[in-house]
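Protein chains in written order, with this note's numbering: chain A, 12 to 570; chain U, 12 to 570.
For each residue, glycine too, the CB sits at the ideal point set by N, CA and C.
Number of protein chains: 2
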Amino acid sequence: MATAAELNARIVEQGNVVRKLKADKAAAEDIQKEVLSLKELKDALAKITGAPSDAKGKKAAKFTLKTAKGTKDWHPSDMYLRQRIFRKITDIFELHGAVTIDTPVFELKEILSGKYGEDSKLIYDLQDQGGELCSLRYDLTVPFARFLAMNGSQYPNIKRYHIAKVYRRDQPAMSKGRMREFYQCDFDIAGVYDPMLPDAECLSLTCEILEALEIGDFTIKLNHRKILDGLFAVCGVPEDKIRTISSAVDKLDKLPWADVRKEMTEEKGLDGEVADRIGEYVKLKGGPELVDQLKQDARLTANKSAVEGLDDMALLYKYLDIYGCVNRISFDLSLARGLDYYTGVIYEAVTEASAPPAPVAPSPEAVPTPAQKKADVKGKKPALNADEDAELDESTVGVGSVAAGGRYDELVGMFSGEKGAAGKIPCVGISFGVERLFSLLLKKAQEQGDQAGRAKATEVYVMSLGDGLLEERMKVAKELWSAGIKAEFMYKAKPKLPKQFEVIDKERIPYAVQVSPGELAKGTIRVKPQVGKEQGAGNDVEMKREELVPWLLEKLGRK
Amino acid sequence: MATAAELNARIVEQGNVVRKLKADKAAAEDIQKEVLSLKELKDALAKITGAPSDAKGKKAAKFTLKTAKGTKDWHPSDMYLRQRIFRKITDIFELHGAVTIDTPVFELKEILSGKYGEDSKLIYDLQDQGGELCSLRYDLTVPFARFLAMNGSQYPNIKRYHIAKVYRRDQPAMSKGRMREFYQCDFDIAGVYDPMLPDAECLSLTCEILEALEIGDFTIKLNHRKILDGLFAVCGVPEDKIRTISSAVDKLDKLPWADVRKEMTEEKGLDGEVADRIGEYVKLKGGPELVDQLKQDARLTANKSAVEGLDDMALLYKYLDIYGCVNRISFDLSLARGLDYYTGVIYEAVTEASAPPAPVAPSPEAVPTPAQKKADVKGKKPALNADEDAELDESTVGVGSVAAGGRYDELVGMFSGEKGAAGKIPCVGISFGVERLFSLLLKKAQEQGDQAGRAKATEVYVMSLGDGLLEERMKVAKELWSAGIKAEFMYKAKPKLPKQFEVIDKERIPYAVQVSPGELAKGTIRVKPQVGKEQGAGNDVEMKREELVPWLLEKLGRK
């Protein structure tokens with residue numbers, strides 16, 4: 012039975028549901044249904060506390076028992092999955108020789124200010140309690156750039172990853188899973204190297220990770236800022252419109268060309284013919300043969316920037332071929348990515364599971380989606396943040412990409428405060444949408460049913476078949492722990508048999524080690540495999556006491 | 012050569028050194044030395060920037076490039092060690108079937124308020140930017156209690172660990188390594204079980220972890236609040252003085268008995284004879300035989316609380332014997348622990364390396380140490396926080412214990428807002444001083460020299476013995492990554508041989524795989540073991556190209 016505190020927490024939640032429905036102008040009957048549930052909860056609370064069910068439901072609680080808005084607790088079964096995901100990802104980072112750093116959760120306010128454009132209003136500040144003014148980190152890119160600016164001469168070349176929480180005072184569309192505290196997972200290679208080698212490794216590593224996570228089929232869209240810039244120039248886009256037109260192109264994965272063209276011409280004042288020339292290019296997608304094709308395009312190759320980009324792409328494809336991941340890559344001239352600071356290749360991984368719904372033309376009355384709103388903001392003033400465009404908002408689940416990144420050769424220079432080569436540390440990186448990957452993999456686990464809800468990987472349950480035998484169970488458990496075998500037993504002097512089996516079933520523990528008075532006297536012990544093909548009444552194995560640990564280690568594949 | 016930004020960072024640091032020396036009234040010549048270093052840094056900066064070296068060193072920098080006061084970056088080699096420590100600890104938590112949870116880095120302000128006594132002033136608040144008032148978490152205990160109060164019926168029994176950063180606006184004695192952001196590592200068993208079983212497991216697990224970390228010899232001091240309460244009662248301490256006298260006893264590891272007696276009688280108004288009776292008891296230390304001895308003590312056994320405590324201890328010792336860790340435990344009647352909320356066993360692990368210096372009587376003029384100041388605050392008003400007493404300040408390095416904890420059966424009830432059994436979730440736990448353990452193990456690694464400074468565990472460096480052979484190196488690296496072998500190569504088309512060996516030596520990479528034109532033609536490849544007994548000029552192995560991966564896997568023990 013729920014406690015008063017739990018009821019209070021549920022009342023708060025249910026109140027939010029009701030308010031949300033009202034705000035969304037939901038059907039009256041839907042609202043009424045949820046109001047009734049709220050009433051029931053309040054009545055249940057009143058029964059426990061003896062207090063009358065009041066309108067706010069507050070009298071009974073000493074304080075509101077909840078987490079702050081936009082944050083949540085991670086429960087054990089979520090953590091179990093999250094840790095397995097992080098472990099798989101970091102194992103691959105480390106295969107590639109990456110190191111990790113950790114930076115403080117808050118930075119001096121002035122380090123963050125001026126880095127995120129209009130989104131600076133979403134930064135959490137710490138209260139001025141005397142001393143320095145600080146803010147919670149908004150992403151991991153700016154702290155990394157700050158770290159490099161401070162320690163660049165110690166790390167002229169660094170391949171680093173960082174998995175950590177970041178903070179944004181977004182008005183969360185909570186029903187969409189948009190959070191104010193969420194994880195980012197960044198991998199970056201900083202330093203001067205021969206061309207395209209780090210870029211190719213970022214892409215190969217992304218394939219390795221997405222394959223290891225078994226998220227299903229995926230494609231990495233690839234483009235190059237210099238090709239885009241050249242393309243816009245030869246199509247006749249005025250220099251000062253290149254960014255805003257690029258940002259319009261970036262919406263082609265969510266909007267049909269007609270809408271994007273309209274934005275270019277009507278909103279942004281681009282000549283219709285120029286837009287049409289762009290339209291011819293940005294519909295192009297393909298593999299290395301597209302690079303060759305564009306290299307034959309006399310108009311494009313008249314532009315120096317485009318030629319540089321195409322040379323990069325040709326070299327990159329050569330390396331991707333060696334890494335065996337060309338088939339995952341789609342050279343896609345419509346990929347633009349929202350951010351100003353990219354200077355070379357850009358890429359974005361999409362999966363079937365994470366792909367956005369087919370583009371629809373919004374009617375004038377339609378409420379823009381958060382992604383659209385975001386894109387609009389970006390269109391006005393692109394922000395300085397790798398993860399802030401709609402494609403890689405870690406906190407929005409079910410739309411967009413699972414990883415994205417690119418080359419940004421100028422960002423660190425902004426922090427080191429120096430112009431020219433001295434302050435310049437070229438970087439290329441990839442950011443994995445770990446919150447989204449978590450949601451995809453949780454859904455998959457729930458559909459498959461076999462892992463969902465599991466919170467740990469206990470291998471052996473030490474149970475008694477009679478008379479408690481607590482001390483014997485403790486001895487066995489200690490022996491198993493010493494041998495590195497994950498083991499538990501019931502903290503009862505005389506546990507009941509069904510209760511013990513209940514734990515085994517619930518936790519799906521693969522082996523039950525059974526101690527019984529008869530076998531104890533004989534110096535033997537019994538193992539009952541609980542899960543998998545060995546399961547079944549007739550599969551108990553009786554063995555000498557001293558054979559237990561070696562037997563289990565062999566069964567568990569650790570010999 | 013250092014950049015202007017780096018020089019600025021060093022100038023800020025050096026400025027702090029100088030200010031600290033001045034504040035500490037250090038010898039003039041020591042101050043002068045550091046002032047000169049500061050001057051040199053400023054001159055170096057002036058050379059780069061062309062700006063005159065000004066008093067504050069600020070003009071040249073666009074902003075101060077540093078982390079916030081009391082926080083720091085963790086560099087790659089520190090992270091490498093930190094991750095290995097955390098992995099060893101969590102592996103053992105998981106052996107015991109523990110799950111983990113994660114809570115937000117900030118909580119509603121009202122959740123934290125009123126939980127930490129006078130130390131509430133050290134809580135970081137977030138700025139009121141509209142919406143809820145929030146604070147950064149101060150420890151992991153209160154968020155866990157809040158989690159249990161919200162989700163208790165889902166987790167009536169839970170064995171959980173949590174490793175995460177906490178935040179305290181302490182005036183940091185930075186030179187002592189006292190930080191405002193630091194890690195805590197808590198393991199707790201919550202729920203109703205048969206007596207002393209979870210308590211024994213906490214102690215066994217603590218031994219297992221400290222042994223696995225190889226921190227050298229250690230002792231776990233053990234006592235029981237009910238015994239202490241009984242002891243104070245039979246000695247004649249008035250009910251209302253028990254807490255404050257207990258807090259005086261707790262200083263016996265840092266102060267001689269005479270000083271503690273003085274505090275009891277002069278400061279706290281205890282009768283001298285009562286103090287002397289206490290003195291007879293608190294000098295007792297021993298093993299299970301001390302439990303038997305006290306059970307013969309007619310004065311003590313007249314007290315119900317003492318008898319309950321002694322019965323617990325007898326049962327606990329029986330279980331500790333089964334777990335084979337009695338020899339690590341010292342039943343020590345002088346251990347009191349600072350916190351109000353303990354209700355049963357209390358314990359604290361000390362190592363030779365972490366033991367405090369021998370107690371000295373401070374002269375009246377002596378400046379109190381932070382630990383003493385803390386103890387004084389506690390003496391006045393004990394705070395509601397497992398880790399806040401001087402013995403387990405995670406942020407103070409070089410003094411005190413490496414782990415501490417105890418049983419606290421009433422804390423969760425404070426959050427669930429319910430009296431009696433419904434809101435009561437008994438808990439027992441242990442908190443590891445991971446920052447201190449890190450410092451101890453870093454020092455050890457530096458002394459041994461073999462691991463210090465290493466930031467990753469790359470196993471193979473793929474190098475070219477001639478003509479670059481970039482593509483061949485990439486192919487080999489990809490093959491190794493696919494086989495789960497940690498591999499790197501130089502991101503250069505034509506790397507120089509000495510440069511490649513430099514990396515191998517610096518990173519202490521155990522195997523160099525060498526490709527050369529001649530062997531490529533023959534279809535062979537060469538491996539040169541770089542570290543360990545196989546090292547040496549004559550130990551190169553030439554093998555068929557396809558034998559490389561199996562050969563390496565066998566050498567790396569992964570067959």
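| Check | Outcome |
| --- | --- |
| Of the residues A:292, A:330 and A:332, the one placed nearest residue 347 (chain A), counting alpha carbons only | A:292 |
| Whole-angstrom distance between residue 195 (chain A) and residue 65 (chain A), CA atom to CA atom | Legend: pLDDT at residue 65 (chain A) = 40, less than 50; position of this residue unreliable, value from coordinates given subsequently. Computed Cα separation, rounded: 42 angstroms. |
| Through-space distance from residue 566 (chain A) to residue 168 (chain U), alpha-carbon basis | 29 angstroms |
| Strand pairing of residue 8 (chain U), partner residues [DSSP] | This structure gives no information on residue 8 (chain U), because the portion of chain U shown stretches from 12 to 570. |
| Chain A contact residues for residue 566 (chain U), given Cβ-Cβ distances below 7 angstroms | Within chain A, no residue comes near residue 566 (chain U); the closest Cβ sits about 17 angstroms away, beyond 7 angstroms. |
| Sub-8 angstroms separation of residue 356 (chain A) and residue 327 (chain A) beta-carbons | yes |
| The beta strand (DSSP E) enclosing residue 333 (chain A), as first and last residue numbers | Premise fails: residue 333 (chain A) lies in the alpha helix (DSSP H), 315 to 333, not in any beta strand (DSSP E). |
| The segment 116 to 137 of chain U: positions lying closer than 8 angstroms to chain A by Cβ | 116, 117, 118, 119, 121, 122, 135, 136 and 137 |
| Selection from A:264, A:261 and A:286 that minimises the alpha carbon distance to residue 273 (chain A) | A:286 |
| According to DSSP, residues forming a beta bridge with residue 416 (chain A) | A:358 and A:441 |
| Neighbour flag for residue 205 (chain U) against chain A, beta carbons, 8 angstroms | yes |
| Contact list for residue 145 (chain A) against chain U, beta-carbon separation under 8 angstroms | 79 |
| Bridge partner(s) assigned by DSSP for residue 469 (chain U) | Beta-bridge pairing links residue 469 (chain U) to no other residue. |
| Check whether residue 524 (chain U) and residue 487 (chain U) have beta carbons under 8 angstroms apart | yes |
| Three-state secondary structure (DSSP) of residue 485 (chain U) | helix |
| Closest residue to residue 551 (chain A) among A:568, A:521, A:88 and A:213 (Cα-Cα distance) | A:521 |
| Assigned exposure category for residue 139 (chain U) - 16 Cβ within 10 Å defines buried | exposed |
| Where residue 105 (chain U) meets chain A, residues with beta-carbon distance less than 8 angstroms | 467, 468 and 497 |
| Terminal residues of the alpha helix (DSSP H) in which residue 511 (chain U) lies | 508 to 518 |
| Same chain only: Cβ atoms within 6 angstroms of residue 458 (chain A), ignoring 5 sequence neighbours per side | none |
| Residue-chain proximity (residue 235 (chain U), chain A), Cβ-Cβ < 8 angstroms | no |
| For residue 297 (chain U), the residue or residues it bridges with in DSSP | U:342 |
| Any 3 or more C-beta pairs closer than 8 angstroms across the segment 142 to 154 of chain A and the segment 116 to 132 of chain A | yes |
| Cut-off 6 angstroms between Cβ atoms - residues of its own chain near residue 466 (chain A), not counting five sequence neighbours on either side | 87, 88 and 91 |
| Same chain, Cβ closer than 6 angstroms to residue 276 (chain A), neighbours up to 5 away in sequence not counted | 283 and 286 |
| 6 angstroms CB neighbourhood of residue 373 (chain A) in its chain, flanking five on each side removed | Because the pLDDT at residue 373 (chain A) is just 38, under 50, the model does not fix this residue reliably, and the value given afterwards should be weighed accordingly. Cβ within range, chain order: n/a, list empty. |
| Residue 475 (chain U) (DSSP reduced to helix, strand or coil) | strand |
| 8 angstroms Cβ cutoff met for residue 159 (chain U) and residue 201 (chain U) | yes |
| Cα-Cα separation, residue 103 (chain U) to residue 216 (chain U) | 7 angstroms |
| Residue-level contact to chain U via CB, residue 140 (chain A), 8 angstroms cutoff | yes |
| Chain U contacts from the segment 160 to 177 of chain A (Cβ-Cβ distance under 9 angstroms) | 160, 161, 162, 163, 164, 165, 166, 168, 169, 170, 171 and 176 |
| For residue 526 (chain U) and residue 367 (chain U), the rounded distance between their alpha carbons | Unreliable positioning characterises residue 367 (chain U) in this predicted model, as indicated by a pLDDT of 49, which lies under 50. The coordinate reading is nonetheless provided below. Approximately 55 angstroms between the Cα atoms of the pair. |
| Chain-ordered neighbours of residue 447 (chain U) on chain A, where CB pairs are closer than 8 angstroms | Chain A residues near residue 447 (chain U): none, gap ~18 angstroms exceeds 8 angstroms. |
| Stretch pair the segment 444 to 453 of chain A + the segment 475 to 484 of chain A: three plus CB contacts closer than 8 angstroms | no |
| Residue 161 (chain U) vs residue 20 (chain A) beta-carbon contact at 8 angstroms | yes |
| Straight-line gap, residue 498 (chain A) to residue 423 (chain U) (C-alpha atoms, nearest Å) | 27 angstroms |
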